[in-house]
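Respectively, the protein sequence lines represent chains R and A.
Here the numbering used here is used: the first residue of the first sequence is 182, the next is one more, and so on.
Here the numbering used here is used: the first residue of the second sequence is 182, the next is one more, and so on.
Don't be surprised by glycine CBs; every beta carbon is placed ideally from N, CA and C.
All of these numbers come straight from a predicted model, not from anything done at the bench.
Number of protein chains: 2
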Amino acid sequence: MTQPPFAFQVESCPPGQKARTGLFTTPHGVVQTPAFMPVGTRASIKGVMPREVAEAGASMILANTLHLALRPGPEVVRKLGGLHRMMDWQGPILTDSGGYQVFSMADVNRIREDGVTFRSVVDGSAMHLTPERAIEIQCDLGADVIMAFDQCPADPLKRDDVAVATERTHRWLDRCVTRWQELGGLDRGQALFGIVQGGCFEDLRRASVAAVTSHDLVGYALGGISVGEGRAAIRDAFAFATPLLPVNKPRYLMGIGTPVDFFDAVAEGADLFDCVTPTRHGRNHQGFTSRGRVNLRNLAWALETGPLDPECPCPACTRYPAGALRHLCTVGEMLGGTLLSIHNLYFFHSLMARIRAAVAAGRLAELRAEVLPRVEQRFKPGAAEAE
Amino acid sequence: MTQPPFAFQVESCPPGQKARTGLFTTPHGVVQTPAFMPVGTRASIKGVMPREVAEAGASMILANTLHLALRPGPEVVRKLGGLHRMMDWQGPILTDSGGYQVFSMADVNRIREDGVTFRSVVDGSAMHLTPERAIEIQCDLGADVIMAFDQCPADPLKRDDVAVATERTHRWLDRCVTRWQELGGLDRGQALFGIVQGGCFEDLRRASVAAVTSHDLVGYALGGISVGEGRAAIRDAFAFATPLLPVNKPRYLMGIGTPVDFFDAVAEGADLFDCVTPTRHGRNHQGFTSRGRVNLRNLAWALETGPLDPECPCPACTRYPAGALRHLCTVGEMLGGTLLSIHNLYFFHSLMARIRAAVAAGRLAELRAEVLPRVEQRFKPGAAEAE
Numbered sequence: 182m183t184q185p186p187f188a189f190q191v192e193s194c195p196p197g198q199k200a201r202t203g204l205f206t207t208p209h210g211v212v213q214t215p216a217f218m219p220v221g222t223r224a225s226i227k228g229v230m231p232r233e234v235a236e237a238g239a240s241m242i243l244a245n246t247l248h249l250a251l252r253p254g255p256e257v258v259r260k261l262g263g264l265h266r267m268m269d270w271q272g273p274i275l276t277d278s279g280g281y282q283v284f285s286m287a288d289v290n291r292i293r294e295d296g297v298t299f300r301s302v303v304d305g306s307a308m309h310l311t312p313e314r315a316i317e318i319q320c321d322l323g324a325d326v327i328m329a330f331d332q333c334p335a336d337p338l339k340r341d342d343v344a345v346a347t348e349r350t351h352r353w354l355d356r357c358v359t360r361w362q363e364l365g366g367l368d369r370g371q372a373l374f375g376i377v378q379g380g381c382f383e384d385l386r387r388a389s390v391a392a393v394t395s396h397d398l399v400g401y402a403l404g405g406i407s408v409g410e411g412r413a414a415i416r417d418a419f420a421f422a423t424p425l426l427p428v429n430k431p432r433y434l435m436g437i438g439t440p441v442d443f444f445d446a447v448a449e450g451a452d453l454f455d456c457v458t459p460t461r462h463g464r465n466h467q468g469f470t471s472r473g474r475v476n477l478r479n480l481a482w483a484l485e486t487g488p489l490d491p492e493c494p495c496p497a498c499t500r501y502p503a504g505a506l507r508h509l510c511t512v513g514e515m516l517g518g519t520l521l522s523i524h525n526l527y528f529f530h531s532l533m534a535r536i537r538a539a540v541a542a543g544r545l546a547e548l549r550a551e552v553l554p555r556v557e558q559r560f561k562p563g564a565a566e567a568e
Numbered sequence: 182m183t184q185p186p187f188a189f190q191v192e193s194c195p196p197g198q199k200a201r202t203g204l205f206t207t208p209h210g211v212v213q214t215p216a217f218m219p220v221g222t223r224a225s226i227k228g229v230m231p232r233e234v235a236e237a238g239a240s241m242i243l244a245n246t247l248h249l250a251l252r253p254g255p256e257v258v259r260k261l262g263g264l265h266r267m268m269d270w271q272g273p274i275l276t277d278s279g280g281y282q283v284f285s286m287a288d289v290n291r292i293r294e295d296g297v298t299f300r301s302v303v304d305g306s307a308m309h310l311t312p313e314r315a316i317e318i319q320c321d322l323g324a325d326v327i328m329a330f331d332q333c334p335a336d337p338l339k340r341d342d343v344a345v346a347t348e349r350t351h352r353w354l355d356r357c358v359t360r361w362q363e364l365g366g367l368d369r370g371q372a373l374f375g376i377v378q379g380g381c382f383e384d385l386r387r388a389s390v391a392a393v394t395s396h397d398l399v400g401y402a403l404g405g406i407s408v409g410e411g412r413a414a415i416r417d418a419f420a421f422a423t424p425l426l427p428v429n430k431p432r433y434l435m436g437i438g439t440p441v442d443f444f445d446a447v448a449e450g451a452d453l454f455d456c457v458t459p460t461r462h463g464r465n466h467q468g469f470t471s472r473g474r475v476n477l478r479n480l481a482w483a484l485e486t487g488p489l490d491p492e493c494p495c496p497a498c499t500r501y502p503a504g505a506l507r508h509l510c511t512v513g514e515m516l517g518g519t520l521l522s523i524h525n526l527y528f529f530h531s532l533m534a535r536i537r538a539a540v541a542a543g544r545l546a547e548l549r550a551e552v553l554p555r556v557e558q559r560f561k562p563g564a565a566e567a568e
């Protein structure tokens, strides 16, 4: 069913490896995978102009259905021309279904077979979200890729809860597919991805993969893997489930992550990732750099005339002494968080580009060994200086 | 004493008019006057990347000495390479002397002949600023144009207070000139401007012009004209004093202003202006447009698919439906304030470019009649819609 305007082509998959590079074609352009998608929760990558996002190397971005359903509302987005026009983003966009947000940020009142009733975080009013409604909203938003409405179990280690949520997710997927097809399906230029649940249980994950891939969709996601169950459990869950997904479809690991996550997940054959990490860390003046993680508010940066990251081509690193960035952060100038967010986006996209090249060359493990020990350590300049 | 690298050349001054256009040459480039300088109080035009500031049409920008003296401190700025490097700004920069800020925002404890003692707004510690120290700090900051340290009377209508402050300003100017010359004077590549005080009293303004222009400086400013004494009094003060300033030197009206101020002041022969208006209004979601002043949070904009200002070439107007901008402002996304700030900067600089062309063509009054009634009115789309 992957048909124009959508296509996915594995470009390279060295023998004996699960890692692969690919090209994911959408109505708004081609995405080189593995790819990281910056998150524009409320129709804006926080603090960063779209051209900076594109220059950082992003090709596909994400927006959050639940936030946009609350404000400005799906009808408003549609009337304003859809998300691409609202966000001034010419490339592909993906919207989540609201499922994760409903379970993670809202006061969930009732989960029933029909759907979820919860309180709006904006005004406290009662909201009701069903699989059908989640699809309708996403059709109004107009992203290239829309996600099925799933139930994300609160604790992926509680087997009974996970089993109930996973089976409900499968029934909800049936309803999502039906509603999406009623609204035009692929002819809308919007591809529906199914979401595999199953928590940290191999048999439930396996059953979920079977149920979800029984629908011939453009792509599939692994959900429920970034809800706080700890690194080891996350790793086990996606290490096990990723290779079960069809080889000829893009595999999206929702809510991942950080450099170590990318290496872990790409090695298992994952293709798409999203996380608020680069911009949230940026706003909080935390930088990812080739020399390690940085807290730019640290006094050690105050007189640094060199760049934040000597290996980075971003405007923050090439146009400012790191001490100037620190000053902007310290006094609370918006531009400090903006520049750090831009830097982190460059870092994430540049890392992903190196990962793609390494996968194609069969050198992913070598790149990991070369990069990870440095980037995941803490770094500050002139370690002899006082904090 | 205006000598390379500084020069000021009146380009056009139609017969019978005081308005003129000019070219102000600095070590970091030439400024076409009349010119508006955006304010980068703490070494950042709030929320706007430098390239957006430049693309908006700004050629010269301003930074505030007192704020930078408090954080990160003049030595830090100097060690980081000076303001141009810290702000990633290749064009000319002007720093105020801190005088206005000391009197307007700090708890002033003691004003003595030596200088001013006040409490730091950052940590409450006691600070002492003298004319000499204000010059030394500005030499560290490294702007192209630095300002004399003046005493700004709290109420420009209280004659006795104004007289005392004005005479002290003259004595402080003598000390500023001496210290500036000791530190290298023009050979530093930094020009000192004197500041005329005198409140709303013609004789005091006249005496102040005489005293300040007894120093042959690169340029002169009128101070104490935006401290809340009301439009009529401001207008009278600068209408009277501007033409008294030397014809062959740039005339800087400090802290001005808004479109009507520009028309008023340019007509009297003023050349340089600065104000936080475009960015402060932008952050508060207030826009200046060709159709009038706009509150973008107004519900009337919610479904507007057209641009905020159909006559504006800025990214906010050419790349976003106005309803999308309103959404960003309403939900509190930083990008809303950033885009509105950029728009307002385009508006101010484009207005100033039209004013320059009108002055050169002897059509300033006509442009004023054409532009002001529209831009100073309130505007919202579809007036029939409910607020």
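Item                                                                                                                                                                       : Value
Can you name the residues of chain A whose CB is closer than 8 Å to the CB of R:Val257?                                                                                    : Ala483, Leu484, Gly504 and His508
Looking at chain A, is there any beta carbon in it that lies within less than 7 Å of the beta carbon of R:Met308?                                                          : no
Using the three-state DSSP reduction, which class does A:Met230 fall into: helix, strand or coil?                                                                          : coil
Should A:Gly463 and A:Gly518 be called a contact, given that it needs their Cβ atoms to be closer than 7 Å?                                                                : yes
So which of A:His466, A:Arg340, A:Pro491 and A:Arg478 has the shortest CA-CA distance to A:Arg472?                                                                         : A:Pro491
Comparing the C-beta of A:Gly221 with each C-beta of chain R, is any distance below 7 Å?                                                                                   : no
Using the beta-carbon of each residue, which ones in chain R are nearer than 9 Å to A:Glu236?                                                                              : None at all; the shortest Cβ gap to chain R is about 11 Å.
Between the C-alpha atoms of R:Thr276 and A:Met230, what's the straight-line distance to the nearest angstrom?                                                             : 28 Å
Residue range of the alpha helix (DSSP H) that R:Ser285 falls in?                                                                                                          : Gly280 to Ser285
Roughly how many angstroms separate the alpha carbons of A:Gly254 and R:Gly404, rounded to a whole number?                                                                 : 49 Å
Tell me R:Asp455's beta-bridge partners as DSSP assigns them.                                                                                                              : R:Met218
Flag this pair as touching only if the region 367-380 of chain A and the region 316-330 of chain A have three or more C-beta atom pairs under 8 Å; answer yes or no.       : yes
Measuring straight from C-alpha to C-alpha, what distance separates A:Trp270 and A:Gly365?                                                                                 : 23 Å
Any chance you could list the alpha helix (DSSP H) runs of at least 4 consecutive residues sitting entirely within the region 466-496 of chain R, in chain order?          : none
Would you mind telling me which residues of chain R sit closer than 8 Å to A:Gly262, beta carbon to beta carbon, in chain order?                                           : Thr486 and Pro502
Do the region 237-247 of chain A and the region 473-481 of chain R meet, that is, are 3 or more Cβ pairs less than 8 Å apart?                                              : no
Decide if A:Thr499 is buried, meaning its Cβ has at least 16 other Cβ atoms within 10 Å, or exposed.                                                                       : exposed
How would you list, in chain order, the residues of chain R whose beta-carbon sits under 9 Å from the beta-carbon of A:Asp269?                                             : Pro496, Arg500, Tyr501 and Ala505
Let's test the definition: count the other Cβ atoms within 10 Å of the Cβ of R:Ala546 and tell me whether it reaches 16, buried, or not, exposed.                          : exposed
Mind checking who R:Val343 pairs with in its DSSP beta bridge?                                                                                                             : R:Val343 pairs with nothing; no bridge assigned.
To the nearest angstrom, how far is it from the Cα of R:His209 to the Cα of R:Gly221?                                                                                      : 17 Å
Taking 7 Å as the cut-off, decide whether the C-beta atoms of R:His530 and R:Ala237 are in contact.                                                                        : yes
Residue range of the alpha helix (DSSP H) that A:Arg259 falls in?                                                                                                          : Pro255 to Lys260
Are R:Pro424 and R:Lys199 closer than 7 Å when you measure CB to CB?                                                                                                       : yes
Report the neighbours of A:Thr511 on chain R: residues whose CB is nearer than 9 Å to its CB, in chain order.                                                              : Arg252 and Pro253
Counting Cβ pairs closer than 8 Å, one from the region 383-395 of chain A and one from the region 306-324 of chain A, do we hit at least three?                            : no
Enumerate in chain order the residues of its own chain whose CB-to-CB distance from A:Asp321 is below 7 Å, with the five nearest sequence positions on each side excluded. : Pro255, Glu256, Val258 and Arg259
Please check if any C-beta of chain A sits within less than 7 Å of the C-beta of R:Gly228.                                                                                 : yes
Helix, strand or coil: how does DSSP classify A:Arg223 here?                                                                                                               : coil
At 7 Å on the CB atoms, spell out the chain R contacts of A:Ser225, in chain order.                                                                                        : Leu509, Glu514 and Leu516
Check whether the region 439-458 of chain R and the region 192-206 of chain R are in contact - that is, three or more C-beta pairs closer than 8 Å.                        : yes
Starting from the Cα of A:Gly436, find the closest Cα among A:Ala188, A:Val393, A:Pro185 and A:Ser278 and give me that residue.                                            : A:Ser278
Going along the chain, which residues of its own chain have a beta-carbon closer than 6 Å to the beta-carbon of R:Met182, five neighbours each way excluded?               : Interpretation of R:Met182 is limited by its pLDDT of 45, a score under 50 that renders its predicted location unreliable; no figure is taken from the coordinates.
Quick one: using the 10 Å Cβ neighbour count with 16 as the cut-off for buried, is A:Glu551 buried or exposed?                                                             : exposed
Please classify A:Val428: does DSSP put it in a helix, a strand, or coil?                                                                                                  : coil
What residue range does the beta strand (DSSP E) around A:His309 cover?                                                                                                    : Ala307 to Leu310
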